[in-house]
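Quick notes on the structure that follows.
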Amino acid sequence: MNTSKVDVLLGLQWGDEGKGKVVDVLTPRYDAVARFQGGPNAGHTLEFDGRKVVLRSIPSGVFQGNVNVIGNGVVLDPVLFTAEARELIDAGTPLHERLRISRKAHLIMPTHRLLDAAGEKAMGAGKIGTTGKGIGPTYTDKISRHGLRVGDIEAPDFAERYTAARDRHLRQLERMGATPDAALLADLESKWMAAIDELRRFTLVDSEHYINGLLRQGKQVLAEGAQGTLLDIDFGSYPFVTSSNTVAAGACTGLGVAPGRIGRVYGIFKAYCTRVGSGPFPTELHDATGAEMRDRGHEYGAVTGRERRCGWIDLVALRYAVMINGVTHLIMMKSDVLDTFDTIRACTEYEIGGTRTPDFPYSIDDAAAVRPVYTELPGWRTDLTAITSPDEFPQAFRDYIAFIERELGVPVAIVSVGPDRAQTIEL
Numbered sequence: 086m087n088t089s090k091v092d093v094l095l096g097l098q099w100g101d102e103g104k105g106k107v108v109d110v111l112t113p114r115y116d117a118v119a120r121f122q123g124g125p126n127a128g129h130t131l132e133f134d135g136r137k138v139v140l141r142s143i144p145s146g147v148f149q150g151n152v153n154v155i156g157n158g159v160v161l162d163p164v165l166f167t168a169e170a171r172e173l174i175d176a177g178t179p180l181h182e183r184l185r186i187s188r189k190a191h192l193i194m195p196t197h198r199l200l201d202a203a204g205e206k207a208m209g210a211g212k213i214g215t216t217g218k219g220i221g222p223t224y225t226d227k228i229s230r231h232g233l234r235v236g237d238i239e240a241p242d243f244a245e246r247y248t249a250a251r252d253r254h255l256r257q258l259e260r261m262g263a264t265p266d267a268a269l270l271a272d273l274e275s276k277w278m279a280a281i282d283e284l285r286r287f288t289l290v291d292s293e294h295y296i297n298g299l300l301r302q303g304k305q306v307l308a309e310g311a312q313g314t315l316l317d318i319d320f321g322s323y324p325f326v327t328s329s330n331t332v333a334a335g336a337c338t339g340l341g342v343a344p345g346r347i348g349r350v351y352g353i354f355k356a357y358c359t360r361v362g363s364g365p366f367p368t369e370l371h372d373a374t375g376a377e378m379r380d381r382g383h384e385y386g387a388v389t390g391r392e393r394r395c396g397w398i399d400l401v402a403l404r405y406a407v408m409i410n411g412v413t414h415l416i417m418m419k420s421d422v423l424d425t426f427d428t429i430r431a432c433t434e435y436e437i438g439g440t441r442t443p444d445f446p447y448s449i450d451d452a453a454a455v456r457p458v459y460t461e462l463p464g465w466r467t468d469l470t471a472i473t474s475p476d477e478f479p480q481a482f483r484d485y486i487a488f489i490e491r492e493l494g495v496p497v498a499i500v501s502v503g504p505d506r507a508q509t510i511e512l
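Following my numbering, the numbering of the sequence shown begins with 86 at its first residue and continues without gaps.
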């Protein structure tokens, strides 16, 4: 009996956990790596051989020689994708050989980006804090059954399909008082259509058949998530979330694989916590400690450059994320960022209305009403970046790992002690 599985790797916090690096490290164990949701607002940073690369739409396994798939759950901006592709090809990556793109992935149009900007402006102080790349409006079109898909570029009437979708967007923009300048729109469209021509030169597949075909052949597949669990459209800190299902179940719908085909679920988290953009963040620090975390961790968005908000690890939220995803293996990133602290704090419960709870509530919007309850642990005050074996871990760091394992009920399988591929230690 064929027992090949799709292992899932995803973030357990508000994104930016370091998924790209871990995918790159794990890729040699798999025959294929597949992105199952999200768009080019997710920057996955990889560092190896003295090189730093930020991927936006292309899966992070692309440097290791195996097949990489952009799944049907992804939304693809042809302009940003082709620019990213050209960079990789110019640097020597044989991308056309390694990459497959789902025909069922939806296309981000120029007018989607205009709708994104207009929508954020209309919300004023209550804005979500999107990256402005048209992700939300594209998923809106998908759900309302108005979207353009990658497979449509093969249709003889693609130009007519595009025009109909664009004109519908222009009517929306007019109602919002945000009709674009004609010259600007013409320039955006010209670049977009040129990118569509480049996109046609890549191998398009029916990804559900392709992925399941690999499994029938006994191949192993790693599904790569974008963003993080707390940004999931259903289970995140709504409405300050992304527009797709970032959780493990999203790999089934985003790639077309059955739930029984899911194997290991790798849950990635930082040894502390960060968030970018608007939205609640119970353990956020507004003091020198938070600033030190940000500076030591170089906490700035890989795609946007936006400053990330920093705080202590939130085990209430992580416990929830572990439950929702069925996490089997934990991966702790950026442990070295906490090297300089005398005391490490970890939120183990929330106090809400005078009552303590270990469970993540319906809403954490009211920062005054949700008070984190901390446990304090001694810091290790040791430079972890040169460590190459778990035998070298200082005892206080071992204790921190053991504490997290007890709180979450799942073993920590991998610890990262620096940004490079080599600074990854398996336990």
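Ideal placement from N, C-alpha and C gives every residue a C-beta, glycine not left out.
Quick caveat, the model's predicted, so the values are computed rather than measured.
In three-state DSSP terms, what is residue i?
i      : result
Lys419 : coil
Phe426 : coil
Glu102 : coil
Phe320 : coil
Glu384 : coil
Tyr115 : coil
His129 : strand
Gly96  : strand
Leu140 : strand
Gly375 : helix
Ser474 : coil
His294 : helix
Asp399 : strand
Rounding to the nearest angstrom, what Cα-Cα distance links residue i and residue j in this structure?
i      : j      : result
Leu95  : Ala333 : 7 angstroms
Ser322 : Ser363 : 10 angstroms
Val147 : Arg185 : 11 angstroms
Arg260 : Pro367 : 37 angstroms
Thr442 : Ile449 : 13 angstroms
Thr467 : Thr425 : 7 angstroms
Ala454 : Tyr435 : 9 angstroms
Ile429 : Gly262 : 50 angstroms
Gly128 : Gly103 : 10 angstroms
Val235 : Gly464 : 50 angstroms
Ala487 : Glu384 : 26 angstroms
Pro241 : Gly217 : 31 angstroms
Asp291 : Gly204 : 33 angstroms
Lys276 : Thr331 : 30 angstroms
Pro457 : Tyr357 : 14 angstroms
Thr460 : Glu490 : 15 angstroms
Asn126 : Gln312 : 9 angstroms
Ser187 : Thr374 : 44 angstroms
Asp175 : Glu239 : 26 angstroms
Glu476 : Phe325 : Here residue 476 is Asp; the residue named in the question, Glu, does not match the sequence. So the two alpha carbons sit approximately 41 angstroms from each other.
Pro496 : Thr413 : 8 angstroms
Glu440 : Glu293 : Inspection of the sequence shows that residue 440 is occupied by Thr rather than by Glu. Those two C-alpha atoms are separated by around 47 angstroms.
Exposed or buried, what is residue i when buried is set at 16 or more other beta-carbons lying within 10 Å of its beta-carbon?
i      : result
Tyr485 : buried
Leu269 : exposed
Asp444 : exposed
Arg136 : exposed
Ser474 : exposed
Lys419 : buried
Ile318 : buried
Gln480 : exposed
His197 : buried
Tyr247 : buried
Ala336 : buried
Could you give the C-beta distance for residue i and residue j, rounded to a whole number, given that I count them as a contact under 8 angstroms?
i      : j      : result
Ala406 : Thr338 : Not a contact, Cβ separation roughly 19 angstroms.
Leu400 : Ala498 : With 8 angstroms as the limit, Leu400 and Ala498 do not qualify as a contact, their Cβ atoms being about 18 angstroms apart.
Lys106 : Leu131 : 6 angstroms
Tyr224 : Ser329 : 6 angstroms
His181 : Gly232 : Going by Cβ atoms, the distance from His181 to Gly232 rounds to 26 angstroms, so no, they are not a contact pair.
Pro195 : Ile281 : Not really, about 11 angstroms apart at Cβ, beyond 8 angstroms.
Val110 : Arg506 : 6 angstroms
Val124 : Val159 : According to the sequence displayed, residue 124 carries Gly and not Val. Indeed they touch by this definition, with Cβ atoms about 7 angstroms apart.
Ile220 : Thr327 : 7 angstroms
Does the separation of the CB atoms of residue i and residue j fall below 7 angstroms?
i      : j      : result
Tyr115 : Gln302 : no
Arg360 : Arg394 : yes
Phe121 : Leu340 : yes
Ala309 : Pro144 : Per the sequence shown, the amino acid found at residue 309 is Glu instead of Ala. Result yes, Cβ atoms of Glu309 and Pro144 sit closer than 7 angstroms.
Gly177 : Ala119 : no
Asn410 : Val350 : yes
Val152 : Ile347 : no
Gly149 : Thr88  : Sequence check: residue 149 is Gln here, not Gly. It is not a contact, given that the beta carbons lie outside the stated cut-off.
Leu165 : Pro265 : no
Val422 : Thr470 : no
Ile398 : Val342 : no
Leu97  : Leu370 : no
Ala117 : Leu255 : no
Asp201 : Pro222 : yes
Gly100 : Leu307 : no
Does the distance between the C-beta of residue i and the nearest non-hydrogen atom of the ligand MG fall short of 6 angstroms?
i      : result
Gly219 : The ligand MG is absent from the structure shown, which contains no ligands of any kind.
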